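Accompanying notes for the structure given below.
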């Protein structure tokens, strides 16, 4: 089955700097890669996603890149702000029978923005 | 409109007791998912529903875990004879269920925090 590895587990950056989180996946059939942000005690919230027919997607300060050949994808946050502090999870969509879809998540990255 | 809701928000139970966790998906969403998040860990897939059927039960940790969905809406996750290792946050998510094979956004509920003493 699918396996997703995420690095680093913790990341601390100065406010205004960029943050990069990387994930690798194992199943070449995976074709959907969302990123979720989870603040302490709250539910995961989708921040950006990418499908395997594109290599890059950007939404304001957030961008995601996908390398299908190498089976890795990355989250880039520019001009970081204190409110970006949270745990970030990458995921890969794994397909089962009858169109079943499940997300296989990485272990998460705790991002801290230092003012 | 209303998002995914779950109840109870917190549940404390004694080892060996059964518990039921409830999920109300976004209205009209035919796909519903259960995940488990242990303290400081990632999200672990448990089971998926498309309508009332569960094509993928591969993530259920043991036969003490079961789930059902009736009327294509509300789902219940049942854990029988709870064990301390069952303590976790149980998250439910839903998606429209119309983009099979492409990938849809999954919207998460607030979770049920289960503590087994």
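Residue numbers (my numbering), protein chains in the order written: chain E, 19 to 133; chain D, 339 to 455. The C-beta atom is built at its ideal place from N, Cα and C for all residues, glycine as well. Only a predicted model underlies this, so the values are computations on that prediction, with no experimental measurement involved.
_In DSSP terms, what residue 342/D is bridged to_ = Residue 342/D is not bridged to any residue.
*Does DSSP put residue 52/E in a helix, in a strand, or in coil?*
Note: residue 52/E maps to strand in three-state DSSP.
*Go ahead and pull the three-state DSSP assignment for residue 394/D.*
Three-state DSSP puts residue 394/D in a strand.
*Roughly how many angstroms lie between the CA atoms of residue 125/E and residue 24/E, to the nearest whole one?*
Distance between the alpha carbons of residue 125/E and residue 24/E: 6 angstroms.
*Okay, do the region 373-392 of chain D and the region 348-359 of chain D touch, 3+ Cβ pairs below 8 angstroms being the bar?*
The region 373-392 of chain D vs the region 348-359 of chain D: no contact.
*asked:* At a CB distance below 8 angstroms, what residues from the region 383-414 of chain D approach chain E? Give them in sequence order.
replied: Cβ contacts with chain E: 383, 386, 388, 391, 393, 394, 396, 397.
*asked:* Please tell me whether residue 443/D has its Cβ less than 8 angstroms away from any Cβ of chain E.
replied: Closer than 8 angstroms: yes.
*N- and C-terminal bounds of the beta strand (DSSP E) containing residue 432/D*: 426-433 is the span of the beta strand (DSSP E), which, as asked, contains residue 432/D.
*Give the straight-line distance between the Cα atoms of residue 310/D and residue 42/E, rounded to the nearest whole angstrom.*
This structure cannot speak to residue 310/D, because chain D is shown only from 339 to 455.
_DSSP three-state assignment for residue 102/E, whether helix, strand or coil_ = In this structure, DSSP gives residue 102/E a helical state, which the three-state scheme calls helix.
*For a contact meaning CB atoms closer than 7 angstroms, what does residue 428/D contact in chain E?*
Simply none; closest approach about 12 angstroms.
_Of the residues 129/E, 75/E, 82/E, 87/E, the one placed nearest residue 104/E, counting alpha carbons only_ = Nearest to residue 104/E by alpha-carbon distance, out of 129/E, 75/E, 82/E, 87/E, is 129/E.
*So, are the CB atoms of residue 455/D and residue 349/D less than 8 angstroms apart?*
In this structure, residue 455/D lies away from residue 349/D, with their beta-carbon atoms at least 8 angstroms apart.
_I need the DSSP call for residue 382/D, collapsed to helix, strand or coil._
DSSP places residue 382/D within a strand segment (E or B) once states are collapsed to three.
*How about the region 434-453 of chain D and the region 62-71 of chain E: do they share at least three Cβ pairs that are nearer than 8 angstroms?*
Yes: at least three Cβ pairs fall under 8 angstroms.
*Locate the beta strand (DSSP E) running through residue 119/E, then write down its first and last residues.*
Where residue 119/E is concerned, the enclosing beta strand (DSSP E) starts and stops at 119-123.
_Identity of the residue in 426/D, 406/D, 364/D nearest residue 326/D by Cα_ = Any answer about residue 326/D is impossible in this case: the structure gives chain D only from 339 up to 455.
_For residue 20/E, three-class secondary structure by DSSP_ = Reduced to three states, the DSSP call for residue 20/E is coil.
*May I ask you to report which of helix, strand or coil DSSP gives residue 422/D?*
Helix, per DSSP.
*To the nearest angstrom, report how far apart residue 453/D and residue 351/D are at their CA atoms.*
Their Cα atoms are separated by approximately 6 angstroms.
*Kindly identify the DSSP beta-bridge partner or partners of residue 412/D.*
Bridge partners of residue 412/D: none, in fact.
*Answer yes or no: do residue 49/E and residue 441/D have a C-beta to C-beta separation smaller than 8 angstroms?*
Yes. Within cutoff.
*asked:* Strictly by DSSP, which residues pair up with residue 38/E?
replied: The partner list for residue 38/E (beta bridge, DSSP) reads 94/E.
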